[in-house]
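Q: Got a structure for you, written out below as structure tokens; questions coming shortly.
Number of protein chains: 4
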Amino acid sequence: MCRWLAYSGSPILLEELLYKPEHSLIDQSLHSRLGVETTNGDGFGVGWYGPDTGTPAVFHSIEPAWNDRNLREVAGHVQSPLFLAHIRASTGTAVQQTNCHPFRHGRWLWVHNGLVRDFHLIKRELALAVDESLYPQMEGSTDSEMLFYLALTFGLEDDPPAAVERMVGHVEEVGHRHGTEHPIQMTIGTTDGSSVWAFRYSSEGKSRSLYYSTDLRSVREMYPERPRLQEASDETRIIVSEPIVDLPGAWNEVRESSYGVVRDGEDELHEFRPLR
Amino acid sequence: MCRWLAYSGSPILLEELLYKPEHSLIDQSLHSRLGVETTNGDGFGVGWYGPDTGTPAVFHSIEPAWNDRNLREVAGHVQSPLFLAHIRASTGTAVQQTNCHPFRHGRWLWVHNGLVRDFHLIKRELALAVDESLYPQMEGSTDSEMLFYLALTFGLEDDPPAAVERMVGHVEEVGHRHGTEHPIQMTIGTTDGSSVWAFRYSSEGKSRSLYYSTDLRSVREMYPERPRLQEASDETRIIVSEPIVDLPGAWNEVRESSYGVVRDGEDELHEFRPLR
Amino acid sequence: MCRWLAYSGSPILLEELLYKPEHSLIDQSLHSRLGVETTNGDGFGVGWYGPDTGTPAVFHSIEPAWNDRNLREVAGHVQSPLFLAHIRASTGTAVQQTNCHPFRHGRWLWVHNGLVRDFHLIKRELALAVDESLYPQMEGSTDSEMLFYLALTFGLEDDPPAAVERMVGHVEEVGHRHGTEHPIQMTIGTTDGSSVWAFRYSSEGKSRSLYYSTDLRSVREMYPERPRLQEASDETRIIVSEPIVDLPGAWNEVRESSYGVVRDGEDELHEFRPLR
Amino acid sequence: MCRWLAYSGSPILLEELLYKPEHSLIDQSLHSRLGVETTNGDGFGVGWYGPDTGTPAVFHSIEPAWNDRNLREVAGHVQSPLFLAHIRASTGTAVQQTNCHPFRHGRWLWVHNGLVRDFHLIKRELALAVDESLYPQMEGSTDSEMLFYLALTFGLEDDPPAAVERMVGHVEEVGHRHGTEHPIQMTIGTTDGSSVWAFRYSSEGKSRSLYYSTDLRSVREMYPERPRLQEASDETRIIVSEPIVDLPGAWNEVRESSYGVVRDGEDELHEFRPLR
Chain A
0 MCRWLAYSGS PILLEELLYK PEHSLIDQSL HSRLGVETTN GDGFGVGWYG PDTGTPAVFH
60 SIEPAWNDRN LREVAGHVQS PLFLAHIRAS TGTAVQQTNC HPFRHGRWLW VHNGLVRDFH
120 LIKRELALAV DESLYPQMEG STDSEMLFYL ALTFGLEDDP PAAVERMVGH VEEVGHRHGT
180 EHPIQMTIGT TDGSSVWAFR YSSEGKSRSL YYSTDLRSVR EMYPERPRLQ EASDETRIIV
240 SEPIVDLPGA WNEVRESSYG VVRDGEDELH EFRPLR
Chain B
0 MCRWLAYSGS PILLEELLYK PEHSLIDQSL HSRLGVETTN GDGFGVGWYG PDTGTPAVFH
60 SIEPAWNDRN LREVAGHVQS PLFLAHIRAS TGTAVQQTNC HPFRHGRWLW VHNGLVRDFH
120 LIKRELALAV DESLYPQMEG STDSEMLFYL ALTFGLEDDP PAAVERMVGH VEEVGHRHGT
180 EHPIQMTIGT TDGSSVWAFR YSSEGKSRSL YYSTDLRSVR EMYPERPRLQ EASDETRIIV
240 SEPIVDLPGA WNEVRESSYG VVRDGEDELH EFRPLR
Chain C
0 MCRWLAYSGS PILLEELLYK PEHSLIDQSL HSRLGVETTN GDGFGVGWYG PDTGTPAVFH
60 SIEPAWNDRN LREVAGHVQS PLFLAHIRAS TGTAVQQTNC HPFRHGRWLW VHNGLVRDFH
120 LIKRELALAV DESLYPQMEG STDSEMLFYL ALTFGLEDDP PAAVERMVGH VEEVGHRHGT
180 EHPIQMTIGT TDGSSVWAFR YSSEGKSRSL YYSTDLRSVR EMYPERPRLQ EASDETRIIV
240 SEPIVDLPGA WNEVRESSYG VVRDGEDELH EFRPLR
Chain D
0 MCRWLAYSGS PILLEELLYK PEHSLIDQSL HSRLGVETTN GDGFGVGWYG PDTGTPAVFH
60 SIEPAWNDRN LREVAGHVQS PLFLAHIRAS TGTAVQQTNC HPFRHGRWLW VHNGLVRDFH
120 LIKRELALAV DESLYPQMEG STDSEMLFYL ALTFGLEDDP PAAVERMVGH VEEVGHRHGT
180 EHPIQMTIGT TDGSSVWAFR YSSEGKSRSL YYSTDLRSVR EMYPERPRLQ EASDETRIIV
240 SEPIVDLPGA WNEVRESSYG VVRDGEDELH EFRPLR
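Protein chains in written order, with numbering that gives the first Met the number 0: chain A, 0 to 275; chain B, 0 to 275; chain C, 0 to 275; chain D, 0 to 275.
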């Protein structure tokens, strides 16, 4: 049911994280170890910020990530200081580019792993809550895109944590009213090109896996023999659905019902509480 | 802006109409003569009824029709007594299978040539008018699919002409309220597997082209030297956005603001009046 | 590294074997149990014979089989008395329709599971052995297609077993000359629309799995409570890379280095010996 | 039958040439004015050199260029000092990524507009002339890729003009021997990342159109009011199948049977003579 990855740090080739690690995201597309499905072959996407352009680029493909030659080319030639990547395992909605993550709105990107339960029962009611001017911009048919547009409606661009808490509160309220016990299951990554927010929450309190990388200075001390760790910048942060290399001490699980912010200066971790 | 074709008669290979005529639908995908665009390369679809199965099959492709090898294979091996085919020229919405015609609901198929003007302005309001149980079944993002689900909401399965008249009346009412002078432009073909309805209408009274074939007995008398005409069944009816062969006398233009019904017994032609 | 299936019997909907069995070929595309890879997501193909047309239809797709909506439509609406289906796990060559099985030449279809080892070393020399008039008909880049055209060159249309034995003998001779210890690994299915030949062989004597169904009268006696078994015709034969239902006694492994023929009258099983 | 473009100059976003000019390459994919076909919708490709990486990136797509969202994203976010782009109109060979230009070998890129006549008659003999180590690297089925590998065999990496002259001489010799009067029709662009070579030749002496841009200092003086001309670097050179903007004096036709070289310092134009 999807895996994703966010990188923030000094500019690197996308392939450094997408292909080269032993358990890279592309490897996870065939052999996920912690996901609900081992195969994530229902499309792929990567969104990256460049040095010059205001809005991020988005590359979406309906081919399995392990097959996509264009992805390999782009990943081997594009450098970026901040990117989100996502591999999809569809829960039934069509495999089409408009259903591939990351979704984009202006400078914002959004990836989701999880689902809205009984989505068909409440899709219309959720859609009605989307801001009128945003409604026609939804192009796909996934629950994930709907969550993004609800979060935008609830103020994502101004206060991301509050907007996501309101969005989840609304989905749970509507779901409960339609008799769904645990309406939402999610890890979410979103960014405006400078900060990255990562959320882990589910109505049942058993959320999909999510990890963030340890401060790189500490990891380097643990693994002085690893040259690539020595080259990476101090501010490097990686958030992943599951670890991309087996380095004990390098990965920390995001706690249940919490979220983190990666930005210049101090990182933050907070409790996540749906708002109604 | 799209071209389509409907066939009703004795079972024939799809390729008899899709490929073999000098100005076949596949030829029109590259060289339309009467369409707004000469190229209709933004996807393709064909829906056909078989002898045994209740619901029609639907084949959708995002490749240009002139390229699609699978279409050629299917067209060369599948026989059907009733089928609809459509080539698409997108007016901006994504090229994806869920945006390819014909759209299907139960036993019903639907193709559309034209557009809802300023669709982004009224998409949400139109969506709200769709029946609650139908809303989550919309998978794509086109105006054409929306028109289908509105027609279904207004009773397409019970009284197709009345439902389409109500649908158009509603779209015009909403469009006018948002300041659009001529909200809708359309030719529409729809069928339940026994009858075929074909509509030609536009708010401005200058609708896309639409033709129906003359009674085959008369055409045979006009062209006794054409062997394929001799083989076709008496009840054969073809409805097309533009003629697929140059046979003077064989094609009749559907009048502005009118619709026709093809079914066992007498064909009918009626005036079309949007209902408000 | 691919899985395939051949059906011969009274006409059935393709979906009866492709989708409905608990461990259908489509299920195997995600969860193969006996294959080298659990995922066979690098394209798909099915070739079928109809009642009227001389040459079989071929449907090829580069999407994973589990995703392909057109395949589901075709499988649910097309009946055939004889068809071959194949799901692909690429060993490196491009994922494109011209690399999808079954390959077709005139009335003949061909599927392959396995590989030619060090193919890049001997591809040119093998290609030179292909008949001059056949050479330009090769469209893809796989070892599997090359084996087909070599077999055609060596007389597949006249004496299939002898042609395949000569083909394998040639590949082994060329491979050994280039220092490859075990040049070929294969199960192969091929048909002219009336008989089906199935081969199991590998230079190392450890071939990919291959099974054929037991005489249906015996299976019915074993499982009198299974309605679908009662409906199938007596002559029904299924050949599969791995069983599609768990019915002890219903499947027999094709022995190492042997081949079988399915045709009207008696089935045959013979030893397979590469010819040099 | 294809259109292409080569850019050399200071780094620019790909979209500056692919999308923004009034008669850009993407516009030509729907509305070519000088090509044999107005529609070039059978795939697309762009290859670009970056600042850091040794080999160029290649992006290939089988969708029409005018549709491809990923192309628009890449073109809007990737800067390059040297790139080749190509839109394809197939003359029959499959529409697949391995048949999309530019073809790549090491640091070299290659685009072709035209055809080898009666290619199926001489494909095998041409293939036999390809160097043994290069043969297995051919992945597609086009005449264009074959010409590239023949040119590589004849020394493209050492002396491009001589290698292309030998390649053409060979193709003509083989073609004539098989009874083809005018075996080759071509414009070709090729580059190693520093120089660009552009060839215009056909056996019949009526070659596809090809233009190169006038020295930019002169064009600026002709059109002082055009801001984008003022920004471009002095060394900017554009080679195109047909002009992308209507600026009298800005484009020069490459003469029949000649080739040009774009590199630091002086550009060169020479006569082209097939070598036997």
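No residue lacks a Cβ here, since even glycine has one placed at the ideal position from N, Cα and C.
At a CB-CB cut-off below 7 Å, which residues of chain B make contact with N66(D)?
A: Here the question's residue 66(D) lines up with position 67 in the fourth sequence. Near N66(D) (Cβ distances below 7 Å), the residues of chain B are D41 and V94.
Q: Who are the near neighbours of A150(D) in its chain, counting only those whose CB is closer than 6 Å to its CB and skipping five residues on each side?
A: Here residue 150(D) corresponds to residue number 151 of the fourth sequence, with the count starting at 1. The answer, listed in chain order, is A162, V163 and M166.
Q: Rounded to whole angstroms, how far is the Cβ of S256(C) from the Cβ of L268(C), which I believe are closer than 8 Å?
A: What you label residue 256(C) is simply residue 257 of the third sequence in a count that begins at 1. What you label residue 268(C) is simply residue 269 of the third sequence in a count that begins at 1. So it is not a contact: roughly 12 Å between Cβ atoms.
Q: Kindly indicate the opening and closing residues of the alpha helix (DSSP H) around P226(C).
A: If you number the third sequence from 1, residue 226(C) lands on position 227. Segment P226 to E230, the alpha helix (DSSP H) holding P226(C).
Q: Anyone know if the C-beta pair for F43(D) and I86(D) falls short of 8 Å?
A: As a first step, residue 43(D) is located in the fourth sequence; it is residue number 44 there, counting from the start. As a first step, residue 86(D) is located in the fourth sequence; it is residue number 87 there, counting from the start. Yes.
Q: What does E72(D) touch in chain A if you count any residue whose Cβ is under 8 Å from its own?
A: Indexing the fourth sequence from 1 puts residue 72(D) at position 73. Correct list: A56, V57 and F58.
Q: Under 8 Å, Cβ to Cβ, is there at least one residue of chain C near G75(B)?
A: Residue numbering aside, residue 75(B) sits at position 76 when the second sequence is read from its first letter. Yes - at least one Cβ of chain C is within 8 Å of the one on G75(B).
Q: Any idea if D245(D) is buried or exposed, counting beta-carbon neighbours within 10 angstroms, 16 or more meaning buried?
A: Locating residue 245(D) in the fourth sequence gives position 246, where the first residue counts as 1. By the neighbour-count rule (16 or more Cβ atoms within 10 Å), D245(D) is not buried but exposed.
Q: Which bits of chain B does L29(D) rub up against, with CB to CB less than 7 Å?
A: Taking the first residue of the fourth sequence as 1, we reach residue 29(D) at position 30. Simply T38.
Q: Would you mind sorting K122(A) into buried or exposed? The rule is 16 or more other CB atoms within 10 Å of its CB.
A: Here residue 122(A) refers to the residue found at position 123 when the first sequence is read from its first residue. Buried, because 16 or more other Cβ atoms sit within 10 Å of the Cβ of K122(A).
Q: Taking Cβ positions only, does K122(C) come closer than 8 Å to chain D?
A: Residue numbering aside, residue 122(C) sits at position 123 when the third sequence is read from its first letter. Closer than 8 Å: yes.
Q: The beta strand (DSSP E) with S102(D) in it runs from where to where?
A: Start at 1 with the first residue of the fourth sequence, and residue 102(D) comes out as number 103. With the sequence shown as reference, residue 102(D) is identified as Phe, and Ser is not the correct amino acid for it. Here the beta strand (DSSP E) through F102(D) covers F102 to H104.
Q: Given that a residue counts as buried once 16 or more other Cβ atoms are within 10 Å of its Cβ, and exposed if not, what is H119(A)?
A: Walking along the first sequence from the start, residue 119(A) turns up at place 120. It is exposed - the Cβ of H119(A) has fewer than 16 other Cβ atoms within 10 Å.
Q: Can you pull the chain C neighbours of N112(B), defined as C-beta to C-beta under 7 Å?
A: Position 113 of the second sequence, counted from the first residue, corresponds to residue 112(B). Those within 7 Å of N112(B) in chain C number zero; the least Cβ separation is about 23 Å.
Q: Spell out a yes or no on whether the region 192-202 of chain D and the region 216-223 of chain D are touching, meaning 3 or more CB-CB pairs, one atom from each, closer than 8 Å.
A: These segments do not touch.
Q: Report all residues from its chain with a CB closer than 6 Å to the CB of S89(D); omit the five preceding and five following residues, and keep chain order.
A: Numbered from 1 along the fourth sequence, position 90 holds the residue referred to as residue 89(D). These residues qualify, in order along the chain: D41.
Q: If I'm right that T186(D) touches D117(D) with Cβ under 8 Å, what's the distance once you round it to whole angstroms?
A: Numbered from its first residue, the fourth sequence carries residue 186(D) at position 187. Numbered from its first residue, the fourth sequence carries residue 117(D) at position 118. About 20 Å separates the two Cβ atoms, so there is no contact after all.
Q: Chain B beta carbons: is any one of them nearer than 8 Å to that of P101(A)?
A: Working through the first sequence from its first residue, we reach residue 101(A) at position 102. For P101(A), the answer is no, since every Cβ of chain B falls outside 8 Å of its Cβ.
Q: Which of the three DSSP states, helix, strand or coil, is assigned to M166(C)?
A: Sequence index remark: in the third sequence, residue 166(C) carries index 167 (1-based). Residue state, collapsed to three classes: helix.
Q: What three-state label does DSSP hand A64(A) in the structure shown?
A: Along the first sequence, read from residue 1 onward, the residue named residue 64(A) stands at position 65. Helix, per DSSP.
Q: Applying the criterion that 16 or more other CB atoms from any shown protein chain within 10 Å of the CB defines a buried residue, is E156(B) buried or exposed?
A: If you number the second sequence from 1, residue 156(B) lands on position 157. By the 10 Å Cβ count, E156(B) comes out exposed.
Q: DSSP state of E124(C), grouped into three classes?
A: Locating residue 124(C) in the third sequence gives position 125, where the first residue counts as 1. If DSSP states are grouped into helix, strand and coil, E124(C) belongs with the helices.
Q: Determine the burial state of M221(D): buried for a count of at least 16 other Cβ atoms within 10 Å of its Cβ, exposed for fewer.
A: Counting from one through the fourth sequence, the residue named residue 221(D) turns up at place 222. When all chains shown are included, M221(D) counts as exposed.
Q: Pick helix, strand or coil for F243(B), following the three-state DSSP scheme.
A: Taking the second sequence and counting its residues from 1, the one referred to as residue 243(B) is at position 244. Residue 243(B) is actually Ile in this sequence, not Phe. Looking at I243(B) - three-state DSSP - the assignment turns out to be coil, as it is neither helix nor strand.
Q: For T186(B), write down the residues that DSSP places opposite it in a beta bridge.
A: Reading the second sequence from its first residue, position 187 is the one you call residue 186(B). N112(B) and R199(B).
Q: If the criterion is Cβ atoms closer than 8 Å, does the pair A197(D) and V253(D) meet it?
A: As a first step, residue 197(D) is located in the fourth sequence; it is residue number 198 there, counting from the start. As a first step, residue 253(D) is located in the fourth sequence; it is residue number 254 there, counting from the start. Contact: yes.
Q: Within the same chain, show all residues whose beta-carbon is closer than 7 Å to that of P101(A), passing over the 5 residues directly before and after it, in chain order.
A: Counting from one through the first sequence, the residue named residue 101(A) turns up at place 102. Same-chain partners within the cutoff: G44, G46, V57, L83, H85, L108, W109 and V110.
Q: For chain C, is any of its Cβ atoms less than 8 Å away from the one on P63(A)?
A: Counting from 1 along the first sequence, the entry for residue 63(A) is found at position 64. Yes, its Cβ sits closer than 8 Å to a Cβ of chain C.
Q: Would you tell me roughly how many angstroms separate the C-alpha atoms of L12(D) and L33(D), rounded to the nearest one?
A: Residue 12(D) sits at position 13 when you count from the first residue of the fourth sequence. Residue 33(D) sits at position 34 when you count from the first residue of the fourth sequence. Looking at the two C-alpha atoms, the distance is approximately 26 Å.
Q: Helix, strand or coil: which one does DSSP assign to R2(A)?
A: Numbered from its first residue, the first sequence carries residue 2(A) at position 3. Strand.
Q: In the DSSP assignment, what residue or residues form a beta bridge with R87(B)?
A: To locate residue 87(B), count along the second sequence from 1; it is residue 88. Answer is none; R87(B) lacks a bridge partner.
Q: Under 8 Å between C-beta atoms, does G139(C) make it to chain B?
A: Walking along the third sequence from the start, residue 139(C) turns up at place 140. For G139(C), the answer is no, since every Cβ of chain B falls outside 8 Å of its Cβ.
Q: Nearest CA to the CA of L81(B): which residue from Y211(B), G49(B), V73(B) and R68(B)?
A: Locating residue 81(B) in the second sequence gives position 82, where the first residue counts as 1. Ranking Y211(B), G49(B), V73(B) and R68(B) by Cα distance to L81(B) puts G49(B) first.
Q: Quick one: which chain A residues come within Cβ less than 8 Å of L127(B)?
A: In the second sequence, residue 127(B) corresponds to position 128, counting from 1. Going along chain A in sequence order, the residues near L127(B) (Cβ under 8 Å) are L127.
Q: Given T37(D), which residues of its chain have a CB within under 8 Å of its CB, disregarding the five upstream and five downstream residues?
A: Counted from its first residue, the fourth sequence places residue 37(D) at position 38. Closer than 8 Å at Cβ, skipping near neighbours: L29, H30 and S31.
Q: How long is the line joining the alpha carbons of H104(A) and G8(B), rounded to whole angstroms?
A: In the first sequence, the residue the question calls residue 104(A) occupies position 105. In the second sequence, the residue the question calls residue 8(B) occupies position 9. Using only the alpha carbons, I get a separation of about 50 Å.
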